[in-house]
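Take any residue in the sequence shown, count from 1 to its spot, add 253: that is its number in the working numbering. First up is the structure itself, then whatever we jot down about it.
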Amino acid sequence: MQRRRLRLGMVGGGQGAFIGAVHRIAARLDDRFELVAGALSSDRQRAQASAAEAGIARSYADWREMARAEAARDDGIDAVAIVTPNHLHAPVATAFLEAGIHVICDKPLAVSLAEGEALARLARERGRLFALTHTYSGYPLVRHARELVERGELGEIRVVQVEYAQDWLAEPVEASGANKQAGWRTDPALAGPAGCLGDIGTHAYQLAAFVTGMAPRALSADVHTFVPGRRIDDHVQAMLRYANGARGMLWASQVASGAENALRLRVYGTKAGLAFDQEQPNELWFTPLGGLAERLTRARVKSPLAAHATRVPAGHPEGYLEAFAQLYLDAALQIDALEAGPAPPPESRLLTTVDDGVDGLRFIDAMLKSSAADGRWVEIGVA
254 MQRRRLRLGM
264 VGGGQGAFIG
274 AVHRIAARLD
284 DRFELVAGAL
294 SSDRQRAQAS
304 AAEAGIARSY
314 ADWREMARAE
324 AARDDGIDAV
334 AIVTPNHLHA
344 PVATAFLEAG
354 IHVICDKPLA
364 VSLAEGEALA
374 RLARERGRLF
384 ALTHTYSGYP
394 LVRHARELVE
404 RGELGEIRVV
414 QVEYAQDWLA
424 EPVEASGANK
434 QAGWRTDPAL
444 AGPAGCLGDI
454 GTHAYQLAAF
464 VTGMAPRALS
474 ADVHTFVPGR
484 RIDDHVQAML
494 RYANGARGML
504 WASQVASGAE
514 NALRLRVYGT
524 KAGLAFDQEQ
534 PNELWFTPLG
544 GLAERLTRAR
554 VKSPLAAHAT
564 RVPAGHPEGY
574 LEAFAQLYLD
584 AALQIDALEA
594 GPAPPPESRL
604 LTTVDDGVDG
614 LRFIDAMLKS
624 SAADGRWVEI
634 GVA
C-alpha cells in the first residue's frame, strides 16, 4: 500500500532558530511529510521571508489564523510542529488540537503541570496524536538498551546514573541580546520557571525513564543559578528513589566548562550494567557481572527496536538528525493508524507522547518544590 506524504505545518522556527531547521530536516528525511504551511514569526514580513527561505507555500503571521484556515481547507495540514519558546506550547497546541490537527511539539510540554494535564485531556478527547520530541529516544542503541532491560539482561535494576552537561551558558551570553536562543531560554516569562531544568534536565530524566522503564518515586533536589544576574537556573542535581528500591542520581548543567553536549546514562542491575554516551551514539557498552565489557554496535545487536531506527549499513555512522527523524517516522506511522490506515509496527510504540510530557512536568514540579525546601525529599506527582 502506497502511503501519501502527510501535510505538515510549523509554528515558530523562523530565521535564526536552531531547532526549527532541525525539525524541517528530520521531517523530510524519511519522505513521510511535506512542509506546506507555517507561522514562522509573529512579524508578517519576517514570517514570509522565513517561509520563502524554507520553501513553504502558505505563510501566516498568526498561529490562530493558521489553525482556523488550515482546518477549513480540503488540503489542510495533517499535523503541526510546534517549535516556539516554551510559554507558547500550550496555547498553540490547544488551538490546533481543537481544530482536529495532530501535534508534534518540542519539550517541555508546557510551563506548568496544569497546562500539560489539560493538553493530555484534550488530545484524548479529540483522538489526535500528540508527540513530544525527546530526540535521544530515537537513537537505535538507546532503543536496544531499553530492550536489554525489558528482556531482563540486567536483572533487577539497582542504580541509575544520568547526566547532561553543556557549557554554552557558562557566561552571561544573554546580557548582550545578540544570542536569541540564550535570550528566551533564560527569561522566565518565555521559558517558564525551569531553565536548565526544563531545557536539558527533562532530556536526562526522560532518557533514564525510557531505557529503564521506571520513573522515580521521590527525589531530593538542588536547583541552582551560578551566573550572576541570571534569572533562572543553570545547574540542577538530584538524588532519586525508585519504587523497587533502586537509587539514582541526575545532574544537568549548562555552565560545565569544556562540555559540549555530554548526555550520558549508566544503568546497573543485579546481573549486568550498560552505558550510553550521546556524543558516541553508534556504540553501547554492556558488561555482565564478572564478565568482559562488550562494545555493541547497531549492526551487531540484531534488535528489532534498533533495526526500526536504523537507516544505513553497518559501519556508517548515524547521529542526532537521524534520531530526530525517527520520531517523525514513528509519528507518521501512528497518524496513519489513527486516520484508519494500517496498524503501525509495534516498534513505533516507542514514540514519546503527551503523557511523557506530563511526566516530565511532574518531575520539574517536584524538583522545584524540593529545592525550595532545601532539598527535602518530595514524592513525584504528589501535590
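Don't be surprised by glycine CBs; every beta carbon is placed ideally from N, CA and C.
Straight-line gap, Glu400 to Val565 (C-alpha atoms, nearest Å) = 21 Å
Report yes if the C-beta distance between Ala279 and Ala578 is below 7 Å; otherwise report no.
-> Contact flag set, yes.
What does a CB cutoff of less than 7 Å around Lys622 pick up in its chain, not counting 5 residues either side in sequence?
-> Only Val631 meet the Cβ criterion.
Measure the alpha-carbon distance for Ala290 versus Asp283 and round it to whole angstroms.
-> 19 Å
Cβ-based neighbour list, Ala435, same chain, cut-off 6 Å, excluding 5 preceding and 5 following | Val426, Glu427
Return helix, strand or coil for Asp440, following the three-state DSSP convention.
-> Residue state for Asp440 is assigned as coil, using DSSP reduced to three classes.
Is it right to say Leu331 is buried, meaning 16 or more other beta carbons lie within 10 angstroms of its own, or is it exposed?
-> Looking at the sequence shown, residue 331 is not Leu but Asp. Residue environment analysis places Asp331 among the buried positions, since at least 16 neighbouring C-beta atoms fall within 10 angstroms of its C-beta.
For Leu375, name the three-state secondary structure that DSSP assigns.
-> helix
4 or more residues per run - each alpha helix (DSSP H) lying fully within the region 266-324 = 271-282, 297-307
Grab the span of the alpha helix (DSSP H) containing Asp530 for me, first residue to last.
-> Not the alpha helix (DSSP H): Asp530 falls in the beta strand (DSSP E), residues 525-530.
Counting only the same chain and skipping the five closest in sequence on each side, list residues whose C-beta sits under 7 Å from that of Gly613.
-> Lys360, Pro361, Leu362, Thr455, Tyr458, Gln459
Establish whether the CB of Ala496 and some CB of chain C are separated by less than 7 Å.
-> No chain C is present in this structure, which holds just one protein chain.
Kindly indicate which three-state DSSP category Ile410 falls into: helix, strand or coil?
-> Strand.
Is the distance from the Cβ of Val412 to the Cβ of Tyr581 below 7 Å?
-> no
List the residues that DSSP assigns as beta-bridge partners of Pro541.
-> Ala525
Find the nearest neighbour of Leu407 within the set Leu527, Pro344, Ala334, judged by alpha-carbon distance.
-> Leu527
Would you grab the beta carbon distance between Gly369 and Gly610 for me? Rounded to a whole angstrom, and I think it's under 8 Å.
-> The C-beta distance from Gly369 to Gly610 rounds to 6 Å, short enough to meet the 8 Å contact threshold.
By the 10 Å Cβ neighbour count, where 16 or more other Cβ atoms means buried, how is Phe271 classified, buried or exposed?
-> exposed
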